[in-house]
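Please read the structure below before turning to the comments.
2 protein chains.
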Amino acid sequence: MAGTDRTKKSQMTLPEGGPAIILVTPQLGENIGSSARAMLNCGLADLRLVRPREGWPNDYATKAASGADAVLNGARLYGSTRDAIADLNRVFATTARPRDLVKRVVGPRTAAAEMRAAVGRGERIGVLFGAERMGLHNDDVTLADTIVEVPLNPAFSSLNLAQAVLLVCYEWLQAGGVLAPRDGLMPTGVSRPATREEVVGFYEHLESELDACGFLKPPEKRPAMIRNIRNIFQRAGLTDQEVRTLRGIVTGLCHWRANGIKRRPDEY
Amino acid sequence: MAGTDRTKKSQMTLPEGGPAIILVTPQLGENIGSSARAMLNCGLADLRLVRPREGWPNDYATKAASGADAVLNGARLYGSTRDAIADLNRVFATTARPRDLVKRVVGPRTAAAEMRAAVGRGERIGVLFGAERMGLHNDDVTLADTIVEVPLNPAFSSLNLAQAVLLVCYEWLQAGGVLAPRDGLMPTGVSRPATREEVVGFYEHLESELDACGFLKPPEKRPAMIRNIRNIFQRAGLTDQEVRTLRGIVTGLCHWRANGIKRRPDEY
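Here the protein sequences line up with chains A and B, keeping their order. Quick note on the numbering used here: the first sequence kicks off at 1 and runs consecutively. Quick note on the numbering used here: the second sequence kicks off at 269 and runs consecutively.
What follows is the structure, given as structure tokens:
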């Protein structure tokens, strides 16, 4: 999806204290780059790499990051998971398959709420992700406080590494309510929602023309027909511009009829 | 993340009537394959392609699908968006950048709830995704009832195509509550949570040894020390096996002390 607004670069404020994303022995540079992109999509920047298989830096990672260079360039390299999480107060471990470990399991949404709460208390937190093929080693999961398990299709639950990173980062961002979703918004651009006077004016214009051409017959059905027609347009939530457009359409159609072929609409 | 349980293949029931995922003029086979994988991760299978740039079928798609071949092989090809959505009753269009269109906008979570409701009423639904570089053309967005906008970092909101597909499919799956997340579960494997008798038996064992070695002094501090020590282990939510392990540790340490160097623990 295209859509980065480059004019907003200056407004870009990465939330302080968001979770560190720790990729343990990742195999493919592409996945590291895609993870960096997903992190920045969600306003996170603390990327840590434990012994990436293909070495570091990695051209495939840069290509897949698609501009999230700041995250890649800031990535820190570690020789062990232990070192990568040394400064953290709370660690989550992502797993797809159940582990033979007695450790609390949560979904990504609950994990995100808990991360927000922990950060609110001033804790430093991180999330461990394992290698593409096998996921995290149990030795690494053991170092975490909580397991994050994404509830997916049990017959096909193997998520791509960068997809797993995205889901965790996405839930983190949503849990913050920092960026209010525009849920239910009807953007009207340079227009504005039409006033009721404008809307009803259009209805009356349309109905007078429909009366003139004999469409609203028989008379006993006229009130119900008008209600049904008005309701169609009412549902559209018209803007002032759209009301003008519709009035133009009615005028245009009537003008065409007046100057051309004489057919009643119900003959169409 | 590794983790598909192949023994569950036979239990795999793709939800009927889930949204069709419609990729309009996708550029890269990899993204088509990754989208198919994300769909199957979330139990969706109806993939539709409008004029894929690199033709179809596509080897890169197969590689990136990582086993989601059933989705790829079932993908249907269309010459236009209009044809691809012809059988649908309700269409959502994903966009990253705001459009100059008067059309209701929702986030993916609200969209998923609305999709579930629509499917519950017997409607057939679909979600349009545009090409990697520019997203959907406004002509295609116009054909949709509702815009889905993912609230992301405004300075870097360009999601990879397959990442966008994943988020929509993930929210669809979560909205269904089909797969209860194991939120808050503490799996204990073949063990079981220890009984209070077992736990307190361990505490008393430990405390008797601590009394013997002179650790619980001075006497007026003993009750608080015991509370603090008990509380450490209480928080761990021990299993029966773990209680046995801890008792073995205490016995082992005491035995070592009894047979070896005579130091009091507070001298360490």
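Just so it is clear, CB atoms sit at the ideal spot from N, CA and C, and this is done for glycine as well.
From the options, residue whose alpha carbon lies closest to that of residue i
i, options, result
"cysteine 310 of chain B", "B:Val318, B:Gly286 and B:Pro325", "B:Gly286"
"lysine 103 of chain A", "B:Ile393, B:Ser459, B:Cys481 and B:Met454", "B:Met454"
"leucine 128 of chain A", "A:Phe92, A:Gln174 and A:Asn228", "A:Phe92"
"serine 34 of chain A", "A:Arg99, A:Val190, A:Gln163 and A:Ala117", "A:Gln163"
"alanine 381 of chain B", "B:Gly444, B:Leu291 and B:Asp314", "B:Gly444"
"proline 154 of chain A", "A:Gly252, A:Leu246, A:Arg97 and A:Tyr78", "A:Arg97"
"alanine 65 of chain A", "A:Ser158, A:Asn31, A:Gly55 and A:Trp172", "A:Asn31"
"arginine 222 of chain A", "A:Gly184, A:Asn138 and A:Asp211", "A:Asp211"
"asparagine 160 of chain A", "B:Ala504, B:Glu400, B:Ala336 and B:Gly505", "B:Ala336"
"serine 157 of chain A", "A:Gly135, A:Leu173 and A:Trp172", "A:Gly135"
"glycine 79 of chain A", "A:Gly55, A:Leu167, A:Leu173 and A:Leu166", "A:Gly55"
"leucine 88 of chain A", "A:Arg196, A:Asp46 and A:Ala61", "A:Asp46"
"tryptophan 172 of chain A", "A:Thr110, A:Lys63 and A:Lys217", "A:Thr110"
Within chain B, the residues that residue i reaches when beta carbons sit closer than 8 Å
i, result
"methionine 186 of chain A", "Val370, Lys371, Arg372 and Val373"
"proline 98 of chain A", "Pro455"
"serine 34 of chain A", "Asn428 and Gln431"
Chain-ordered chain B contacts of residue i [CB-CB under 9 Å]
i, result
"alanine 38 of chain A", "Leu427, Asn428 and Gln431"
Chain A contact residues for residue i, given Cβ-Cβ distances below 7 Å
i, result
"proline 487 of chain B", "Result: empty, since nearest Cβ-Cβ is about 35 Å, beyond 7 Å."
"threonine 330 of chain B", "Near threonine 330 of chain B there are no residues of chain A at all, since even the closest Cβ is about 15 Å away, more than 7 Å."
Beta-carbon contacts of residue i that lie in its chain and below 6 Å, excluding the five residues immediately before and after
i, result
"leucine 206 of chain A", "Val250"
"leucine 312 of chain B", "Gly286 and Cys437"
"arginine 319 of chain B", "Thr293"
"histidine 255 of chain A", "none"
"arginine 90 of chain A", "Ala118, Glu123, Ile125 and Asp145"
"glutamate 209 of chain A", "Val250 and Cys254"
"leucine 317 of chain B", "Leu291, Ala343 and Leu345"
Cβ-based burial, residue i [other Cβ within 10 Å; buried from 16]
i, result
"methionine 39 of chain A", "buried"
"glutamine 234 of chain A", "exposed"
"proline 151 of chain A", "buried"
"threonine 95 of chain A", "buried"
"arginine 121 of chain A", "exposed"
"threonine 513 of chain B", "exposed"
"aspartate 140 of chain A", "buried"
"arginine 37 of chain A", "buried"
"isoleucine 353 of chain B", "buried"
"asparagine 496 of chain B", "exposed"
"glutamate 535 of chain B", "Confidence at glutamate 535 of chain B is low in this model, with a pLDDT of 42, below 50, so its placement is unreliable and the value that follows should be read with caution. So glutamate 535 of chain B counts as exposed."
"isoleucine 290 of chain B", "buried"
"glycine 398 of chain B", "buried"
"arginine 116 of chain A", "buried"
"alanine 20 of chain A", "buried"
Proximal residues to residue i (C-beta, below 7 Å), its chain only, five neighbours per side dropped
i, result
"valine 243 of chain A", "Ala194, Glu198, Val199 and Phe202"
"threonine 142 of chain A", "Leu101"
"arginine 237 of chain B", "This structure gives no information on residue 237 of chain B, because the portion of chain B shown stretches from 269 to 536."
"aspartate 83 of chain A", "none"
Contact with chain B by residue i, beta-carbon distance below 9 Å
i, result
"glycine 18 of chain A", "no"
"glutamate 248 of chain A", "Sequence check: residue 248 of chain A is glycine here, not glutamate. So no, glycine 248 of chain A is outside the interface."
"glutamate 242 of chain A", "yes"
"leucine 128 of chain A", "no"
"leucine 47 of chain A", "no"
"leucine 72 of chain A", "no"
"threonine 25 of chain A", "no"
"leucine 143 of chain A", "no"
"arginine 109 of chain A", "yes"
Proximal residues of chain A, C-beta to C-beta of residue i below 8 Å
i, result
"threonine 507 of chain B", "Val102"
"asparagine 309 of chain B", "Leu152, Asn153, Phe156, Ser157, Ser158, Leu159 and Gln163"
"arginine 503 of chain B", "Result: empty, since nearest Cβ-Cβ is about 11 Å, beyond 8 Å."
"leucine 441 of chain B", "Pro151, Leu152 and Asn153"
Beta carbon proximity, residue i to chain A, threshold 9 Å
i, result
"proline 419 of chain B", "yes"
"arginine 350 of chain B", "no"
"glycine 297 of chain B", "no"
"aspartate 451 of chain B", "yes"
"leucine 434 of chain B", "yes"
"tyrosine 346 of chain B", "no"
"tyrosine 438 of chain B", "yes"
Proximal chain A residues relative to residue i, where beta-carbon distance stays under 9 Å
i, result
"alanine 336 of chain B", "Phe156"
"serine 459 of chain B", "Val102"
Close Cβ partners of residue i (< 8 Å) along its chain, the five nearest in sequence each way excluded
i, result
"proline 325 of chain B", "Leu340"
"aspartate 59 of chain A", "Gly29"
"glycine 375 of chain B", "Val416, Glu417, Val418 and Pro419"
"serine 459 of chain B", "Thr507, Asp508, Gln509 and Glu510"
"glutamate 132 of chain A", "Pro26, Gln27, Leu28, Asn31, Asn160 and Leu161"
"glycine 505 of chain B", "Met454 and Pro461"
"asparagine 406 of chain B", "Arg367, Asp368 and Leu369"
Residue i: contacting residues in chain B (beta-carbon distance under 7 Å)
i, result
"threonine 195 of chain A", "Those do not exist, as threonine 195 of chain A stays about 16 Å from chain B at its closest Cβ, beyond 7 Å."
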